[in-house]
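Worksheet: the structure to be examined is printed underneath.
Number of protein chains: 2
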Amino acid sequence: MDRVPFQATVAGALYEGIRTLPAAVLLDNVRSMYNVGSFFRTADAASVEKLYRCGSTARPPKKAIAKTALGAEDTVSWEHAWDALPLVEAIRARGYEIAAVETSVHAVDLFDWQPRFPVCVVFGHEVDGIRPEISALCDTHVRIPMLGTKHSLNVATAGGVVIYELLRKYRALGVP
Amino acid sequence: MDRVPFQATVAGALYEGIRTLPAAVLLDNVRSMYNVGSFFRTADAASVEKLYRCGSTARPPKKAIAKTALGAEDTVSWEHAWDALPLVEAIRARGYEIAAVETSVHAVDLFDWQPRFPVCVVFGHEVDGIRPEISALCDTHVRIPMLGTKHSLNVATAGGVVIYELLRKYRALGVP
Numbered sequence: 001m002d003r004v005p006f007q008a009t010v011a012g013a014l015y016e017g018i019r020t021l022p023a024a025v026l027l028d029n030v031r032s033m034y035n036v037g038s039f040f041r042t043a044d045a046a047s048v049e050k051l052y053r054c055g056s057t058a059r060p061p062k063k064a065i066a067k068t069a070l071g072a073e074d075t076v077s078w079e080h081a082w083d084a085l086p087l088v089e090a091i092r093a094r095g096y097e098i099a100a101v102e103t104s105v106h107a108v109d110l111f112d113w114q115p116r117f118p119v120c121v122v123f124g125h126e127v128d129g130i131r132p133e134i135s136a137l138c139d140t141h142v143r144i145p146m147l148g149t150k151h152s153l154n155v156a157t158a159g160g161v162v163i164y165e166l167l168r169k170y171r172a173l174g175v176p
Numbered sequence: 177m178d179r180v181p182f183q184a185t186v187a188g189a190l191y192e193g194i195r196t197l198p199a200a201v202l203l204d205n206v207r208s209m210y211n212v213g214s215f216f217r218t219a220d221a222a223s224v225e226k227l228y229r230c231g232s233t234a235r236p237p238k239k240a241i242a243k244t245a246l247g248a249e250d251t252v253s254w255e256h257a258w259d260a261l262p263l264v265e266a267i268r269a270r271g272y273e274i275a276a277v278e279t280s281v282h283a284v285d286l287f288d289w290q291p292r293f294p295v296c297v298v299f300g301h302e303v304d305g306i307r308p309e310i311s312a313l314c315d316t317h318v319r320i321p322m323l324g325t326k327h328s329l330n331v332a333t334a335g336g337v338v339i340y341e342l343l344r345k346y347r348a349l350g351v352p
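These protein sequence lines are chains U and W, in that order. The opening position of the first sequence corresponds to residue 1 in the numbering used here, with each subsequent residue numbered one higher. The opening position of the second sequence corresponds to residue 177 in the numbering used here, with each subsequent residue numbered one higher.
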């Protein structure tokens, strides 16, 4: 496992007693650097613990990442692994629920999902989705409701929807 | 008011008894065509009633819009107005709550907001935000919680977060 850990050093704001959302985000082969940058920005905004970049997911610093991350690539803690499989196993061994975000009809509806924190949410390639061998490793499969004629969202938009729903659910637990 | 109405003809899936989310999205001077395209895709996915493109917000068909809309620009009903002000007045006169999505600390937290459907959510320019004269016209000012060091999300990501939170709230009402 080739990991290049990066530790963020900048602290954000306290929100309803929450300093950090006990959640990590894993991107496996996310193709677009604009999407990767947007994920950094959302990860900063929702104060997720860590962003895992796996496989071909682009690494900062990159101009195209910075264009959408707007500096969040310097404040969000991240780590890289070429192969997501052993990383997913390692994260689960640390007690995380691993949740694949997919469009499968067999997945649980995002709004019905009751996550067991800490959680690691997994997003895959823009066109091909999450690789079957990664999907098979996940504890939960979550889908965002699709009412329209298309059957998926932009992956960075989906990231925002899922990460903020996790923040809402965590806040509702009244944990801190 | 220069409006070019476009009526979508393609019907999507029924979700928990909901065919259409009683919500409209108004984009005023959204600069990036990728962001406009993402809004189309999200508007299709959540089955919003209409997307209003105001001012300089780009108009389909455009290659850069299609790149992120992926066909949703043909399924979502939209309308254009050069000046958002009289349009906002007209939408409110039809009984919509007009909600500005802003980063102001005086705004209501998205998760605490209790919208009165139908709702029209307003998003502004990527850097300058919503114009003060539009903001002043809005019934409600909603902010997405920001826990990080940056103080905003990508506007299309913010759109996904707000539109899906509206869908969750509407579903929770058990209206249909």
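Ideal Cβ placement from N, Cα and C applies to all residues, glycine included.
With respect to the 9 Å criterion, Arg235(W) and Ala257(W) are not classified as neighbours on the basis of their beta carbons.
For Val36(U), no beta strand (DSSP E) segment is defined; the enclosing uninterrupted segment is the alpha helix (DSSP H) at Met33 to Ala45.
Along the region 138-152 of chain U, the positions whose C-beta sits under 9 Å from a C-beta of chain W are Ile144, Pro145, Met146, Leu147, Gly148, Thr149, Lys150, His151 and Ser152, read in chain order. Within a 10 Å sphere around the beta-carbon of Gly324(W) sit 16 or more other beta-carbons, which makes this residue buried. Annotation: Ala242(W) has no Cβ neighbours in chain U at a cutoff of 7 Å; minimum Cβ distance is about 12 Å. Contact with chain W is absent for Thr57(U), since none of that chain's Cβ atoms lies less than 9 Å from the residue's Cβ. Residues of chain U whose Cβ lies closer than 7 Å to the Cβ of Val337(W) are, in chain order, Gly160, Val161 and Tyr164.
Pairing Pro22(U) with Asp83(U), the inter-Cα distance amounts to about 23 Å.
With contacts defined by Cβ atoms closer than 9 Å, Leu342(W) and Ala219(W) do not form a contacting pair. Here DSSP, grouped into helix, strand and coil, assigns Glu16(U) to coil.
For the options Pro291(W), Met209(W), Gly231(W) and Ser208(W), the alpha carbon positioned closest to that of Ile274(W) is the one of Pro291(W). Two segments are said to touch when three or more pairs of C-beta atoms, one from each, lie closer than 8 Å; by this definition the region 30-43 of chain U touches the region 61-75 of chain U. Between Ala200(W) and Ile310(W), the CB-CB gap reaches or exceeds 9 Å. One thing to note: Val206(W) has its Cβ within 9 Å of the Cβ of Val331(W). Judged by DSSP secondary structure, Ile274(W) falls within the beta strand (DSSP E) whose first and last residues are Glu273 to Val277. In this structure, the straight-line span from the alpha carbon of Gly124(U) to that of Lys169(U) is close to 23 Å. Only residues of its own chain outside the window of five on either side were considered, and among them Ala200, Pro294, Val295 and Cys296 have a CB closer than 8 Å to the CB of Tyr272(W), listed in chain order. Closest by C-alpha distance to Asn35(U), out of Gly160(U), Val76(U), Trp113(U) and Glu102(U), is Gly160(U).
Interface criterion met: the Cβ of Phe111(U) is under 9 Å from a Cβ in chain W.
Taken atom to atom, the span from the alpha-carbon of Lys326(W) to that of Ala72(U) is near 7 Å. Taking Asp250(W) as reference, the option from Arg347(W), Glu302(W), Gly188(W) and Ile194(W) with the minimal CA-CA separation is Gly188(W). The C-beta of Leu227(W) comes no closer than 9 Å to any C-beta of chain U. Around the beta carbon of Lys63(U), a 10 Å sphere encloses fewer than 16 other beta carbons of the protein chains shown; the residue is thus reported as exposed. Residue-level contact check: Ile194(W) touches chain U, since one or more beta carbons of chain U fall below 9 Å from its beta carbon.
Closer than 9 Å to the CB of Asp44(U) there is at least one CB belonging to chain W.
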